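Residue numbers (our numbering): 37 to 469. Beta carbons are placed, not taken as given, at the ideal position from N, Cα and C, and that holds for glycine. On a predicted model such as this, the values are computed, not experimentally measured, just so you know. Working notes, structure below.
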Ligand code: ADP
Ligand code: ZN
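Here's what the structure looks like:
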């Protein structure tokens, strides 16, 4: 179902006219209202009047996470504080938290983004949405809450954790859609066996999962274990929260809410635009944001813009499933590796995607040493892999073929690696570089 066909299916030139009007308005406003932007624009030698078409956006300076840290807590406000109705903060996975402040209008846009997200996963006001994203300063919980509220679905605001209760309430309240991180969806599926709950007998039919990178293989596994469709959803605190981009029934990339958030894909090293269809860093301008608007925010997330029309009829373009964040990308012995590639390869081998990668650097050889712990159970041993050694070799050579580097494989007992109720953390990098 399409929540807002007028916006989601807009004709391209009408959309671009709208985007330009919004961009122009934003640039003029922040130049007047936010000293941070006035200084930045002046330093870059650009005036709001220089923005005469959408392509002129590239004249504007970037905004980075460190800008947001330096202006903590309210240095980026573009309205009087009395107009702010809610604040959120990033979960701080990569350092000092950053603040996002919302006016009533910003809350409307955010709810709209998430109503589009939930509708695209098939939700209507007849559905019961169990929201297992964490509530609080993190945007996941409150964001989905506002979105489900907007569409007048029944909300079960359980937050993350309390797995047995999650599963029991799904049965008792007749939950049809749930929302959480992909890691937590996997964990709940694993725990359901312990609690004797048959997931296939639950009324759940879809889940909106996001807030962390996950692979296509992990999607397949979640869908098979739960007997549901699992939809990807993308967003980040700085750019309002989840619901910036969402998957439709076609499950082939996420529609970007371009009427509210303007995307660019740039070469992360040069800052120059790449061609549509080429991978690069997603940079976003919040063209309708009032509280803490961001001009050309460097998300550090890697994806590309898919220009082919989607079978669902939406015309807002899609971004490809995220490859990861430039700062999550590991350089192991000179080879670039995204953690999601490891996860994908493990599922290819029929193993669980719960792994732990420890990286150290030898003081003698100065080479990176990478140890990958993988859970194996007795049924992992097929005819070819009669012994542990054979299994280790099989995993190592498959990883080598997929990642281009040799990892030391450590086999561990089922359920012995950490599980996560929110975002997973599966890499421990102890290199002192
Ligand atoms: P933090 O930066 O502290 O983790 P956020 O909760 O704002 O706080 O995290 C946003 C980040 O999470 C995004 O920039 C992106 O890297 C990641 N993310 C969010 N949704 C997805 C998704 N669907 N796929 C991959 N990564 C995602
Ligand atoms: Zn679509």
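For residue i and residue j, what's the separation of their Cα atoms in angstroms?
i           : j           : result
residue 221 : residue 85  : 49 Å
residue 141 : residue 270 : 21 Å
residue 296 : residue 62  : 12 Å
residue 65  : residue 78  : 15 Å
residue 70  : residue 307 : 24 Å
residue 118 : residue 325 : 16 Å
residue 259 : residue 266 : 6 Å
residue 502 : residue 49  : Missing from the structure shown is residue 502; the chain here goes from 37 to 469 and no further.
residue 150 : residue 91  : 28 Å
residue 387 : residue 113 : 48 Å
residue 43  : residue 357 : 22 Å
residue 448 : residue 168 : 29 Å
residue 366 : residue 338 : 14 Å
residue 369 : residue 351 : 42 Å
residue 345 : residue 280 : 19 Å
residue 255 : residue 219 : 10 Å
residue 233 : residue 321 : 45 Å
residue 37  : residue 342 : 21 Å
residue 360 : residue 107 : 26 Å
residue 115 : residue 251 : 40 Å
residue 75  : residue 412 : 56 Å
If you reduce the DSSP assignment to three classes, tell me which class residue i lands in.
i           : result
residue 39  : coil
residue 347 : coil
residue 82  : coil
residue 333 : strand
residue 206 : helix
residue 73  : helix
residue 223 : helix
residue 242 : strand
residue 340 : coil
residue 250 : coil
residue 264 : coil
residue 461 : coil
residue 375 : helix
residue 180 : helix
residue 99  : strand
residue 64  : helix
residue 434 : helix
residue 164 : strand
residue 409 : strand
residue 218 : helix
residue 123 : strand
Using only the heavy atoms of ligand 2, determine whether one of them is closer than 7 Å to the beta carbon of residue i.
i           : result
residue 242 : no
residue 45  : no
residue 260 : no
residue 357 : no
residue 350 : yes
residue 157 : no
residue 141 : no
residue 151 : no
residue 281 : no
Can you name, in chain order, every residue of its own chain whose Cβ lies under 8 Å from the Cβ of residue i, other than the five neighbours on each side?
i           : result
residue 60  : 84 and 87
residue 432 : 442, 443, 444 and 445
residue 385 : 430, 431 and 434
residue 55  : 90, 294, 295, 298 and 323
residue 182 : 143, 146, 147 and 150
residue 46  : 54, 295, 351 and 352
Do residue i and residue j have their CB atoms nearer than 8 Å?
i           : j           : result
residue 211 : residue 249 : no
residue 397 : residue 462 : no
residue 165 : residue 156 : no
residue 459 : residue 184 : no
residue 215 : residue 243 : yes
residue 371 : residue 316 : no
residue 213 : residue 154 : yes
residue 123 : residue 136 : yes
residue 179 : residue 171 : no
residue 319 : residue 300 : yes
If you drop the 5 nearest sequence neighbours on each side, which residues of the same chain put their C-beta closer than 6 Å to that of residue i?
i           : result
residue 228 : 203 and 235
residue 253 : 380 and 383
residue 126 : 133, 134 and 273
Under 7 Å Cβ to Cβ from residue i, same chain only, skipping five residues before and after it: list those, please.
i           : result
residue 231 : 200 and 203
residue 73  : 66, 67 and 331
residue 197 : 457
residue 438 : 377 and 381
Any chance the CB of residue i is under 7 Å from a heavy atom of ligand 1?
i           : result
residue 361 : yes
residue 248 : yes
residue 215 : no
residue 374 : no
residue 320 : no
residue 272 : yes
residue 461 : no
Flag residue i as yes if its beta-carbon sits less than 8 Å from any beta-carbon of chain C, otherwise no.
i          : result
residue 73 : No chain C is part of this structure, which consists of one protein chain only.
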